[in-house]
Amino acid sequence: MCDGQSIENGKYLKTLILNSEQDTQALAEQLATLPLTGSVWLAGDLGAGKTTLTRYWLQALGHTGAVKSPTYTLVEPYSIQRKDGSIKPVYHADLYRLQDPEELSFIGFDEYLDEPEALVIIEWASRADSYLPPPTLFIDMTQSVSDDNDTEARQVQLRLSKAGQAQGLDLSQLII
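According to my numbering, the sequence shown is numbered sequentially starting from 1199.
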């Protein structure tokens, strides 16, 4: 794949193919190096790898404990200690079982989004897109079949929003 400034693989849009769980982990490790704040919306069918990517991402950020799926709790909070001693607040949300976007106001979801330096990783954000502010980054995961050996692969499209572009983020350096 080309790493130039083309529309498909440039600074603001990147498409990658993940052929293994190791590729997913490698992508997560690279995402952890980005100075992301705000929300990241993870989209994809059930089984596309959203939770696996998030688990590796949290580990790459420095989380050492278990990573629970927030399918039933809606949100799992993490306070990750950085190398400089500061704490990075990260929230992993799964809105698949959300019945009404207004439920988010009842659990104080706005506070997660308003917290300075926080990263809020949201699976199934489309269930509340009318309620949520625009994300910093969109990640769309699609299952596909690898050309070379008929194994299951994942196509991942990463797209910065205007907020992500304003933060000066650059996706062109993500490679698998």
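C-beta: ideal position from N, C-alpha, C; glycine also.
In this structure, the beta-carbon distance from A1291 to V1265 does not fall below 7 Å. In the structure shown, the three-state DSSP call for L1369 is coil. In the DSSP annotation of this structure, the continuous segment of the alpha helix (DSSP H) that includes R1253 starts and ends at 1248 to 1259. Between L1302 and R1325, the C-beta spacing is not below 7 Å. Under the three-state reduction of DSSP, G1362 is assigned to helix. Taking a 10 Å sphere around the C-beta of S1277, we find fewer than 16 other C-beta atoms and assign the residue as exposed.
The beta carbon of Q1353 lies closer than 7 Å to those of T1213, I1215, T1340, S1342 in the same chain, with the five residues before and after it left out.
By the Cβ-count criterion, S1237 is buried, with 16 or more other Cβ atoms from all chains shown falling within 10 Å of its own Cβ. For the options T1271, E1313, E1321, L1293, the alpha carbon positioned closest to that of P1287 is the one of E1313.
Rounded to the nearest whole angstrom, the CA to CA distance from Y1270 to L1293 is 9 Å. Bridge pairing for D1298: absent [DSSP]. Nearest neighbour of A1258 by Cα position, chosen from L1232, A1241, P1275, turns out to be L1232. Within the DSSP secondary-structure output, A1291 pairs in a beta bridge with V1273, I1320. Here T1340 carries a strand assignment [DSSP, helix/strand/coil].
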